[in-house]
Amino acid sequence: MAEQPVKHYQVGTFVIGNRLLDPDQRSVQARMERSNTLTSGHRACRGCGEALGARYALDAAMRATGGSVIAANATGCLEVFSTPFPESSWQLPWIHSLFGNAPAVAAGMAAAMKAKGREEVRVVGQAGDGGTVDIGLACLSGMFERNDDVLFICYDNEGYMNTGVQRSGATPPAARTANTKPVGSEPGNAFGQGKSVPLIAMAHEIPYVATATVAELRDLEAKVERAMELRGARYIHAFVPCPLGWGSASEDTIKLARLAKETGLFPVFAAEGGEVTAVSKIRRRTPVVEYLRPQRRFAHLFRPEENREVIDRIQAGADRNIARFGLIDGEGSGDV
Amino acid sequence: MERPFAITLEVGSSLANKTGTWRTERAVYIDRMPPCNDACPAREDVQRWLYEAEEGGAGYERAWRRIVADNPFPAVMGRVCYHPCETACNRGELDQAVGINSVERFLGDVAIEHGWELPAAAADTGKRVLVVGAGPSGLAAAYFLRRHGHAVTIREAGPMSGGMMRFGIPRYRLPREVLEAEVARILDLGVELELDRKVTDVEAAMGEGFDAAFLAVGAQIGKRAYVPAGTAAHVIDAVSMLRGLEAGDEPLLGRRVAVYGGGDTAMDAARTAKRLGAADAVVVYRRTREQMPAHDVELEEAEEEGVMMRWLSTVRRADEGRLVLERMELDETGFPQPTGELEELEADALVLALGQECDLSLVEGVAGIEVDDGVVGVGPNMMTGHAGIFAGGDMVPAERSVTVAIGHGRRAADNVDAWLRGAAAPATPERELAGFETLNTWYYADAPRTRRPRLDAVRRQSNFEEVVQGHDASTALFEARRCLSCGNCFSCDNCYGVCPDNAVVKLGRPGERYEIDYDYCKGCGICVAECPSGAIQMVPEEI
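For the protein sequence lines, the chains are A and B, in the order given. Each residue of the first sequence is one higher than the one before, starting from 1 at the first, in my numbering. Each residue of the second sequence is one higher than the one before, starting from 1 at the first, in my numbering.
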């Protein structure tokens, strides 16, 4: 019997694999021969979003380049849990230097490869949000400005988790951290101006900027793959929930990443040369309370009674993202 | 080995660090009971055969083979089953239930078209089993008995096989060539069928060298409520009318026909009357629509064909060309009570569809067999009080439907086999139900149900062509792929992908599943939370 063309694939590309798709349409993570760049035995907490995000991104980079990747890593959870001397979980060439200089180290490695005439060896720099948004920002901006041939990936878990959950420039308003206690008239982290490194990167008009979450593997892999097709400075900002720092259940890591996108709090998009080229639309719009409530860092917004004023401000921020990035068809301009 | 300056230790892999020791709960794969399977009276493994059908192509034959492992009548089922599986389907809570019945019909039809054969009979055991009645229950029992290797003889009182599938279900719902194809496949397994051979004394019949008997004589005597009727009134019962039509003798009903009753047979009679040329077909039922035993789909199709309903009415009297009806009222317990208000209804014929009874003369006087309320009592193994005599279908206490009858035939055959071998009855392991709350429905693509086309209502009123048409290959595949695979792994690779510790091992190609590496599983539970079908669960570690 002839095979009929059918558009419906039961779970489509929402899942990791899907046996109904052709093997070459399946994700990198569905493959038995994936690199497992970050292998078992690492000391990340149960349900760590960053460990997952790093493997997703680097496995995709390895597949896109035929295994020809070197990584430079900033200090942070990712370095500490993966490489307590003399053990390492990394299954690719990997270097660690300091907290603030990973983009510069990566840029140097790319320059060295160029000098040696080995430009087929691709360089990835990576850091958490502390090493990217705060401490490493100067080096990163320099790397962007020089258009060094590096893909830099920030795994954003919204705080300094490794040193005991202190706030970073990426910590959201109202979140409790070790140094933004839920006390006083404005409990938790202050409503500051915020700091979007993806938009800062776009302002450098570098070849490629994208955001992604660990809840959308296909999207994340496609973005890494696109980044590896290009040369010059590229930046991916990956949203990776932290059960320890956020006070969430370990099994909710992917669910929270999904909710961050579905509420509009974390817009998922891609930009080339400073212009947004694609946004990932919201599939099932969800109010921010659904995202806030499962996290103990926001518990003070619900106890002793619901703090409507603060929740409404957070909702307004999400709604602004929806309008600004055009996350829902027909709502807002989408002109970032 | 010479180490670089200031390096004191060899570099090692973190694989030496067995993080599984952190665990307080472990993830464990589980096969839960899908609600469709649970609801199937014939115990079909619906989820499993849909899984095969989802692949299309060669998957269709595998799917069909999965069905006939439990039920030899897929093409019949796909037409006449009232599909309790769809009522139970979890997808109903998401958008609409999966059209399981329509996919089953598609597979059944493809099998007939391609001439796929049933699995062969097992090696001969030397035992002989008598089956009384060639209806769905008897034929199903014969099929499973042959697969156990027993010789089977079916004795049928009527002139043709099929029982109520032929004499009770009109051909616009079940074309006879479909029925005959599926019956022939069973007979081809070496079942001996003796037609026009009514068994009047089961013990005498068994004396002819049978080791066991399965009785499935059905219920084909129409109940006659007492309706005072004038000498010229035309009153017939629905079962005789449908049976007569099948035997080639068309009943004369007239232009206006009233049908008395509220079950599926009443609907069949009214729809048949329309097809025989009645301008008006009115169903008179003493209760309300909500209480009507007929299935919704039958009522809907009847109404579409112009059959009218007269709720809360009883027939007081029948005369030539007219009926006297009495309006009823529900009392507080929901029981209809007469109001004394009479009205007239013009009707050339009154068809009684008030239920059916069994002819149980064959078990009269058989020691141990208990008859209560017109049906024969059986144990959970389908055996009557008389050792070696089993019974099923409409003649035992249960819902009366083709699917239930087939389920009885299967269960009885398995138990006859166990009894003949002196072994314990085969036990089905209890499985936890895969409820909607065990699913992660985010992962399923949005896809509303495809509907089978129905024959244009006006056209179908006047002929006996099949009303509901089948799927083509692409819509059947679409429908199969709407299955959520509740409670059972369908190789989506989510667990393999989402583990932050690479502690899920993929064993091979789709279907070969996964294993958890407990050396490294920290027990975070992400795989459980992100499994679409609820096929993994967390179990506390013994500490």
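We put the CB at the ideal spot given by N, CA and C, even for glycine.
The region 250–264 of chain B and the region 284–296 of chain B touch, with no fewer than 3 CB-CB distances between them shorter than 8 Å.
Interface residue (Cβ-Cβ distance to chain A less than 8 Å): residue 407(B) is not classified as such.
DSSP links residue 506(B) through a beta bridge to 514(B). Interface annotation, residue 501(B): in contact with chain A, CB-CB separation under 8 Å. For residue 207(A), there is no enclosing beta strand (DSSP E), as DSSP gives it neither H nor E. Contacts with chain A (Cβ-Cβ distance below 8 Å) from the region 440–452 of chain B involve 442, 443, 444, 445, 447, listed in chain order.
For residue 71(A), no chain B residue has a Cβ inside 8 Å of its Cβ, as the nearest lies near 16 Å away.
The C-beta of residue 192(B) has fewer than 16 other C-beta atoms within 10 Å across all chains shown, which makes the residue exposed.
Around the C-beta of residue 494(B), 16 or more other C-beta atoms lie within 10 Å, and the residue is accordingly described as buried. Exclusion of the five residues before and after residue 201(A) leaves 144, 209, 235 as the residues of its chain whose Cβ lies within less than 7 Å of its Cβ. Look at residue 92(A) here: in three-state DSSP terms it is coil, with no helix or strand label.
By alpha-carbon distance to residue 336(B), the top candidate from 344(B), 359(B), 311(B) is 311(B). Secondary structure at residue 147(B): helix, using DSSP grouped into helix, strand and coil. Residue pairing by DSSP puts residue 13(B) in a beta bridge opposite 88(A). Taking C-beta separations shorter than 7 Å and ignoring five residues to either side along the sequence, the partners of residue 485(B) in its chain run 47, 51, 533, following chain order. Using a 10 angstroms sphere on the CB of residue 314(A), the tally of other CB atoms reaches 16 or more, which defines it as buried. Within the region 16–27 of chain B, those residues whose Cβ lies closer than 8 Å to any Cβ of chain A are, in chain order, 16, 17, 18, 19, 22.
Taking a Cβ-Cβ cut-off of 8 Å, the neighbours of residue 254(A) in chain B comprise 498, 526, 529, 530, given in sequence order. Pairing residue 278(B) with residue 297(B) gives a Cβ-Cβ distance that is not under 8 Å. Contacts between residue 487(B) and chain A, judged by CB atoms closer than 9 Å, are missing: the closest CB pair is about 15 Å apart. Straight through space, the alpha carbons of residue 224(A) and residue 63(A) are spaced by roughly 10 Å. Straight-line measurement puts the Cα of residue 32(A) at about 30 Å from the Cα of residue 106(A). DSSP places residue 75(A) outside both helix and strand once states are collapsed to three, so it counts as coil. Considering only beta carbons, the part of the region 18–35 of chain A lying closer than 8 Å to chain B consists of 18, 19, 20, 26, 27, 29, 30, 32, in chain order.
Listed in chain order, the non-local C-beta contacts of residue 416(B) below 7 Å within the same chain comprise 129, 145, 212, 214, 390, local neighbours out to five positions each way being set aside. About 6 Å separates the Cβ atoms of residue 200(B) and residue 361(B), confirming a contact at the 8 Å cut-off. The three-state reading of DSSP puts residue 253(A) in helix, counting H, G and I together. About 5 Å separates the beta carbon of residue 288(A) from that of residue 318(A), a gap short enough to meet the 8 Å contact definition.
Against chain A, the CB of residue 9(B) has a partner CB under 8 Å away; the residue lies at that interface. The beta-bridge partner set that DSSP reports for residue 237(A) consists of 154(A), 211(A). Not flagged as an interface residue toward chain A: residue 226(B), since no C-beta distance is shorter than 8 Å. Of 319(B), 428(B), 96(B), 359(B), the smallest CA-CA separation from residue 396(B) is found for 359(B). Within chain A, the C-beta atoms nearer than 7 Å to that of residue 510(B) come from 19, in chain order. Counting only the Cα atoms, residue 514(B) lies some 13 Å from residue 17(A). What residue 15(A) touches in chain B, judged by beta-carbon distance under 7 Å, is 443, 492, 493, 494, 532, going in chain order. One Cα belongs to residue 536(B), the other to residue 525(B), and the distance between them is close to 9 Å.
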